[in-house]
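J.: Taken in sequence, the protein lines are chains G and F.
Residues in the first sequence are numbered from 37 upward in steps of one, following my numbering.
Residues in the second sequence are numbered from 37 upward in steps of one, following my numbering.
The following block contains the structure, expressed as structure tokens.
Protein chains: 2
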Amino acid sequence: MRDQDTLHCGGAPPVLLASTSVSRRQLLAAAGINFEAVAPDVDEVAAKRELATANGRTLAVALADRKALAVSATRPGAVVVGGDQTLCCGDRLFDKPDGVDAARAQLCALRGRVHELQSAVSVARDGVVAWRHIASARLAMRPFSDDFLERYVTLSGDTLTTSVGAYRLEGPGAQLFERVDGDYFTILGLPLLPLLDWLRQTGVLRQ
Amino acid sequence: MRDQDTLHCGGAPPVLLASTSVSRRQLLAAAGINFEAVAPDVDEVAAKRELATANGRTLAVALADRKALAVSATRPGAVVVGGDQTLCCGDRLFDKPDGVDAARAQLCALRGRVHELQSAVSVARDGVVAWRHIASARLAMRPFSDDFLERYVTLSGDTLTTSVGAYRLEGPGAQLFERVDGDYFTILGLPLLPLLDWLRQTGVLRQ
Numbered sequence: 037m038r039d040q041d042t043l044h045c046g047g048a049p050p051v052l053l054a055s056t057s058v059s060r061r062q063l064l065a066a067a068g069i070n071f072e073a074v075a076p077d078v079d080e081v082a083a084k085r086e087l088a089t090a091n092g093r094t095l096a097v098a099l100a101d102r103k104a105l106a107v108s109a110t111r112p113g114a115v116v117v118g119g120d121q122t123l124c125c126g127d128r129l130f131d132k133p134d135g136v137d138a139a140r141a142q143l144c145a146l147r148g149r150v151h152e153l154q155s156a157v158s159v160a161r162d163g164v165v166a167w168r169h170i171a172s173a174r175l176a177m178r179p180f181s182d183d184f185l186e187r188y189v190t191l192s193g194d195t196l197t198t199s200v201g202a203y204r205l206e207g208p209g210a211q212l213f214e215r216v217d218g219d220y221f222t223i224l225g226l227p228l229l230p231l232l233d234w235l236r237q238t239g240v241l242r243q
Numbered sequence: 037m038r039d040q041d042t043l044h045c046g047g048a049p050p051v052l053l054a055s056t057s058v059s060r061r062q063l064l065a066a067a068g069i070n071f072e073a074v075a076p077d078v079d080e081v082a083a084k085r086e087l088a089t090a091n092g093r094t095l096a097v098a099l100a101d102r103k104a105l106a107v108s109a110t111r112p113g114a115v116v117v118g119g120d121q122t123l124c125c126g127d128r129l130f131d132k133p134d135g136v137d138a139a140r141a142q143l144c145a146l147r148g149r150v151h152e153l154q155s156a157v158s159v160a161r162d163g164v165v166a167w168r169h170i171a172s173a174r175l176a177m178r179p180f181s182d183d184f185l186e187r188y189v190t191l192s193g194d195t196l197t198t199s200v201g202a203y204r205l206e207g208p209g210a211q212l213f214e215r216v217d218g219d220y221f222t223i224l225g226l227p228l229l230p231l232l233d234w235l236r237q238t239g240v241l242r243q
């Protein structure tokens with residue numbers, strides 16, 4: 037698409053999304069951002085081991101930074117957006133479940149409790165983090181029955197493993213919750229409004 | 037779909053959505069509700085004339101009630117969900133714009149100001165309102181340039197006329213805002229979590 041047909045400034049640098057998250061891609065695309073998604077060469081498992089003592093907030097920021105920096109190193113001049121989300125319930129940090137059984141166990145652990153999501157976004161340019169933002173949301177999962185859980189897991193299938201919470205609030209996952217406090221974009225994994233603001237301040241998007 | 041493959045209780049009454057709103061249909065469908073959408077036989081223009089002195093809250097509740105009751109009258113036994121949303125900025129109530137020029141004028145009036153959305157949902161059964169809920173959200177529109185506005189209007193086209201705010205926060209409309217306080221479902225026109233809770237309490241959805 038030509039710049040004059042979009043909400044981008046003419047001659048603005050290309051925007052890259054250093055993430056394979058479907059939610060983040062959909063959010064950015066829906067918001068009218070032209071970007072290319074690039075899988076960052078970051079070993080998340082190794083990074084999490086290295087950052088094992090970090091809290092959810094620190095971990096999300098560190099991973100968002102690393103993703104943005106990894107892609108920025110290969111694409112000089114580009115505006116590279118990295119994002120990460122962590123989920124904390126009590127003292128426990130949760131990871132994306134690696135299968136349906138892990139997702140079921142995770143939903144059981146979150147049932148009837150409040151958990152916190154931390155969503156970090158970092159922007160790197162020419163190998164330097166130029167901006168970052170972190171936002172949080174609190175979600176209260178209702179004490180659903182085992183019968184409900186089995187049906188929910190069957191209905192959702194592999195989509196359960198695509199997010200750190202093993203739910204999709206934008207889908208049947210809404211039936212898991214009794215209360216949600218926080219920005220929807222933050223819940224989906226990308227604090228969108230602050231990012232859009234930064235992209236305007238730096239001449240990527242039109243004012 | 038058979039009840040045993042869904043999150044509905046076996047033998048639960050049918051759910052009808054008394055609304056032609058695309059957002060409401062998408063929200064309910066995404067949340068895993070099986071329903072039939074029925075256009076309510078309500079003259080909204082006449083109703084708004086009759087309720088001319090009402091504030092945004094009262095008007096939204098009255099219209100949600102009327103939509104639910106209108107469909108309920110024709111479908112005994114069904115659980116009929118009606119919804120309405122009003123937008124208030126200062127002392128002025130806004131209506132869905134009837135064309136692109138009206139949408140542009142409305143966006144100009146909201147630019148650089150905070151406005152309030154009131155989203156009402158009513159459930160009628162056998163000609164009686166059995167439950168209702170109203171929720172509000174506050175949105176701060178940024179002082180975008182005329183150039184941005186023209187491009188946004190061109191990009192959005194007729195989708196501008198589908199909502200009371202002449203924007204879609206779930207689309208490029210996100211670029212219009214500097215701050216959004218309130219539940220995303222409420223902003224899209226349906227306080228979903230309280231409705232799901234009611235549907236569980238009354239045996240329509242599984243606990």
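C-beta: ideal position from N, C-alpha, C; glycine also.
#1: Measure from the C-beta of E206 of chain G to each C-beta in chain F and report whether the shortest distance is under 8 angstroms.
#2: Report the neighbours of Y220 of chain F on chain G: residues whose CB is nearer than 7 angstroms to its CB, in chain order.
#3: Would you mind telling me which residues of chain F sit closer than 8 angstroms to S244 of chain G, beta carbon to beta carbon, in chain order?
#4: For T222 of chain F, count the other beta carbons within 10 Å of its own beta carbon; 16 or more makes it buried, fewer makes it exposed. Which is it?
#5: Under 8 angstroms between the Cβ atoms of M177 of chain G and F213 of chain G?
#6: Opposite R128 of chain G in the DSSP bridges: which residues?
#7: If you reduce the DSSP assignment to three classes, tell me which class G148 of chain G lands in.
#8: By DSSP, does I223 of chain G sit in helix, in strand, or in coil?
#9: What are the start and end residues of the alpha helix (DSSP H) that includes V240 of chain G?
#10: Between L153 of chain G and C125 of chain G, what straight-line distance do the alpha-carbon atoms span, to the nearest angstrom?
#11: State the start and end residues of the unbroken beta strand (DSSP E) segment that holds R174 of chain G.
#12: From the DSSP output, read off the bridge partner residues of F180 of chain G.
#13: Can you tell me whether DSSP reads E214 of chain F as helix, strand or coil?
#14: Taking only beta-carbon atoms, is D134 of chain G less than 8 angstroms away from chain F?
#15: With 8 angstroms as the threshold, decide whether the Cβ of L228 of chain F is near any Cβ in chain G.
#16: Excluding the five sequence neighbours on either side, which residues of its own chain have a C-beta within less than 8 angstroms of the C-beta of G218 of chain F, listed in chain order?
#17: Just verifying my parser: in three-state terms, what is the DSSP assignment at D233 of chain G?
#18: Relative to the alpha-carbon of V97 of chain G, which residue among G:L123, G:G113, G:A73, G:G209 has its alpha-carbon at the smallest distance?
#19: Chain F beta carbons: is any one of them nearer than 8 angstroms to that of A139 of chain G?
#20: Counting contacts by CB-CB distance shorter than 8 angstroms, is E214 of chain F in contact with chain G?
#21: Looking at the secondary structure, which residues open and close the alpha helix (DSSP H) in which V244 of chain F lies?
#22: Relative to the C-alpha of V157 of chain G, which candidate in G:A104, G:A88, G:V51, G:A83 has its C-alpha closest?
#23: I need the boundaries of the alpha helix (DSSP H) containing E72 of chain G, first residue and last residue.
#24: Taking the alpha carbon of Y220 of chain F as the reference point, which residue from F:W234, F:R161, F:T190, F:S155 has its own alpha carbon closest?
#25: Compare the C-beta of D233 of chain F with all C-beta atoms of chain G and state if any pair is closer than 8 angstroms.
#26: Can you tell which of F:L53, F:V200, F:L64 has the C-alpha that lies nearest to the C-alpha of G135 of chain F?
#27: Taking only three categories from DSSP, how would you classify R29 of chain F?
#28: Please tell me whether L196 of chain F has its Cβ less than 8 angstroms away from any Cβ of chain G.
#29: Spatial neighbours of Y203 of chain G within its chain, please: CB distance less than 6 angstroms, with the 5 preceding and 5 following residues excluded, ordered by chain position.
#30: Counting only the same chain and skipping the five closest in sequence on each side, list residues whose C-beta sits under 6 angstroms from that of G148 of chain F.
T.: Looking at the atomic coordinates:
#1: yes
#2: Y220
#3: No answer is possible for residue 244 of chain G: it lies beyond the span of chain G, which begins at 37 and ends at 243.
#4: buried
#5: yes
#6: G:C125
#7: coil
#8: helix
#9: Looking at the DSSP string, V240 of chain G is not in any alpha helix (DSSP H), and its letter there is neither H nor E.
#10: 9 angstroms
#11: 164-177
#12: The partner list for F180 of chain G (beta bridge, DSSP) is empty, contrary to what the question assumes.
#13: Correct three-state label for E214 of chain F: strand.
#14: no
#15: yes
#16: L153, A171, S172, A173, R174, L175
#17: helix
#18: G:L123
#19: It does not: the Cβ of A139 of chain G has no partner Cβ on chain F nearer than 8 angstroms.
#20: yes
#21: It is not possible to answer for residue 244 of chain F, since the shown part of chain F is limited to 37 through 243.
#22: G:A104
#23: Run containing E72 of chain G: none in the alpha helix (DSSP H); it sits in the beta strand (DSSP E), 71-73.
#24: F:S155
#25: Judged by the 8 angstroms Cβ criterion, D233 of chain F is in contact with chain G.
#26: Its Cα nearest to that of G135 of chain F, the residue F:V200 stands out among F:L53, F:V200, F:L64.
#27: In the structure displayed, chain F extends from 37 to 243; residue 29 of chain F sits before or after that span and is not available.
#28: no
#29: G209, L212
#30: For G148 of chain F, same chain residues with a beta-carbon under 6 angstroms away, outside a window of 5 residues either side, are P179 in chain order.
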